[in-house]
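J.: Before anything else, here's the structure in question.
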Amino acid sequence: MFSFYITAKNNRARAGIFTTPHGDLQTPVFAPVGTQATVKTLTPEQLKGINASLVLSNTYHLYLRPGDELVRDMGGLHNFMQWHDPMLTDSGGFQVFSLSKTRKIDDDGVTFKSHIDGSTHRFTPEKSIQIQENLGADIIMAFDECSDPNDAAYTKIATQRTHLWAERSVNAKTRADQALFGIVQGGVNADLRAESAKFIASLDMPGIAIGGLSVGETKEEMHDMLDVVVPLLPENKPRYLMGVGTPEDLINGIAQGVDIFDCVLPTRLARHHSAFVPEGRLNMMNAVFARDARPLDETCDCYTCQTFTRAYIRHLIVAKELLAGTLLSIHNLRALIRIMESIRSYIADGSFETRVPVLLDQWSNNAKRADC
RNA sequence: GAGCCUGUAGCUCAACGGCAGAGCGCUACACUGUGGCUGUAGAUGUUGAGGGUUCGAAACCCUUCAGGCUCC
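To get this note's numbering, take the position in the first sequence, counting from 1, and add 105.
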């Protein structure tokens with residue numbers, strides 16, 4: 106039911122097709138994040154309009170509200186949110202650590218308090234898989250622990266625990282129509298990363314994720330960890346770099362052999378008034394755009410850029426109109442998806458490697474603000 | 001025409017004889033497996049105007065301008 110064909114390679118970069126029960130995914134792919142069974146501010150129709158192919162949703166959030174059994178009874182996540190293409194759910198591991206103020210972790214699982222009402226809950230690997238089976242995404246994730254990469258001693262403990270939990274996640278899985286991906290941890294320790302990559306690869310899951318990056322370490326550390334991990338992963342399985350990222354991170358990640366990415370950044374920045382454009386990140390609330398009649402990005406083919414001026418978008422932001430978030434989300438997601446489309450064609454025609462410096466030069470200053 | 005009240009940052013208002021301030025707004029910055037947040041930094045004043053008293057005035061006195069209320 107799940108297979109991954111590599112259609113072209115440029116050194117470590119690969120283009121491929123991952124088949125799922127809801128259609129084929131062309132990789133490299135960027136997945137918009139739809140935490141609460143919606144990519145914030147966008148309809149499924151709008152997502153189709155920007156050629157989104159994979160959407161991520163969240164186990165932690167949907168378990169707390171409206172409840173995974175309710176989603177199951179409403180026909181599963183695809184039907185519930187009316188997204189009929191490939192979907193992925195997170196395991197809830199990350200949110201237990203990033204959102205819950207108080208939590209108690211032991212080798213069996215995590216007891217935590219809801220960020221919504223403070224009520225107490227418990228996740229174990231088995232519980233996470235059960236929830237994700239109720240939700241019904243095509244790709245589901247092993248329950249893991251994402252620790253602070255700067256805490257080396259604790260990261261070792263958390264990584265070992267993540268390995269035990271990965272095995273338990275595999276054993277808990279019952280549905281054949283879902284692909285369970287394992288997650289490599291190990292912080293910024295090369296030896297621990299290598300050990301984790303080998304262990305997770307040994308479980309022979311249909312895909313492997315690299316977690317615990319873009320959580321506070323430097324770009325150089327992320328780069329170094331990918332250099333350690335990716336060569337230790339099987340060629341014939343998709344590699345998923347969780348929570349990344351900026352246009353620059355996507356280009357670098359693909360060059361290092363990553364196939365799947367997800368990130369809140371394009372939609373979060375959209376709601377916080379920033380736009381990805383080739384010359385840099387624009388803060389569209391800035392007064393300089395008040396009378397700017399140009400589109401966000403003259404080279405972009407998205408609905409926002411084909412239709413509206415910067416002046417209008419700034420007006421919507423200043424007036425706190427919801428449409429601002431929608432228009433900027435359409436643009437930011439389209440910008441990243443368009444980069445993916447270009448790179449897939451570059452890998453296919455063999456030009457990707459030589460184009461990386463040009464792509465980076467074009468997009469690397471999106472990590473911070475542009476001057477225009 | 002007479003009496004009273006009010007004029008302080010873009011807005012609403014503090015300070016009532018001793019460094020002119022707050023909230024909001026404004027100008028920027030940050031945001032990477034999402035709390036439509038949040039956090040950080042910054043700018044802005046002939047205290048309506050003019051004169052006087054005082055070591056010192058947004059404050060007290062005089063004149064004047066503007067707005068409001070009341071009375072004739």
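Note that the Cβ used here is the ideal one computed from N, Cα and C, for glycine as well.
All values derive from a computational prediction rather than experimental measurement.
Looking at the strands, I want to know which residues DSSP matches up with His226.
T.: Phe217
J.: Please determine, among Gly317, Val333 and Trp270, the residue with the shortest C-alpha to C-alpha distance to Ala295.
T.: Val333
J.: Report all residues from its chain with a CB closer than 7 Å to the CB of Arg117; omit the five preceding and five following residues, and keep chain order.
T.: Val335, Ala360, Gln361 and Gly362
J.: Kindly give me the distance between the Cβ atoms of Gln283 and Ala257, rounded to whole angstroms, as I take these residues to be in contact under 8 Å.
T.: Rounded, the Cβ-Cβ distance is 34 Å, inconsistent with contact.
J.: Indicate whether Leu159 and Leu130 have their beta-carbon atoms separated by less than 9 Å.
T.: yes
J.: Where does the unbroken alpha helix (DSSP H) through Val289 begin, and where does it stop?
T.: Where Val289 is concerned, there is no enclosing alpha helix (DSSP H), although the beta strand (DSSP E) it sits in stretches over Ala284 to Val289.
J.: Identify which residue in Val349, Glu426 and Asp190 has its Cα closest to the Cα of Ile244.
T.: Taking only the C-alpha atoms, the option nearest Ile244 is Asp190.
J.: If you follow the beta strand (DSSP E) that Val160 is in, where does it begin and where does it stop?
T.: Val160 to Ser162
J.: Strictly by DSSP, which residues pair up with Asn115?
T.: Ala118
J.: Quick check on the DSSP output: what are the complete beta strand (DSSP E) runs of length 3 or more inside the stretch 227-289, in order along the chain?
T.: 244-246 and 284-289
J.: What does the Cβ neighbour count give for Asp476, buried or exposed, with the cut at 16 atoms within 10 Å?
T.: A caution first: Asp476 carries a pLDDT of 46, below 50, which makes its placement in the model unreliable, though a value can still be read off. Flag for Asp476 reads exposed.
J.: Determine the burial state of Val479: buried for a count of at least 16 other Cβ atoms within 10 Å of its Cβ, exposed for fewer.
T.: The chain is shown only over 106 to 477; residue 479 falls outside these bounds and no answer can be derived.
J.: Short check: CB of Lys232 to CB of Thr225, under 9 Å?
T.: no
J.: For a test of the three-state rule: what should DSSP assign to Arg396, helix, strand or coil?
T.: coil
J.: With H, G and I counted as helix, E and B as strand and the rest as coil, what does DSSP make of Ile422?
T.: helix
J.: Please report the distance separating the alpha-carbon of His377 from that of Gly430.
T.: Cα to Cα, the separation comes out at about 8 Å.
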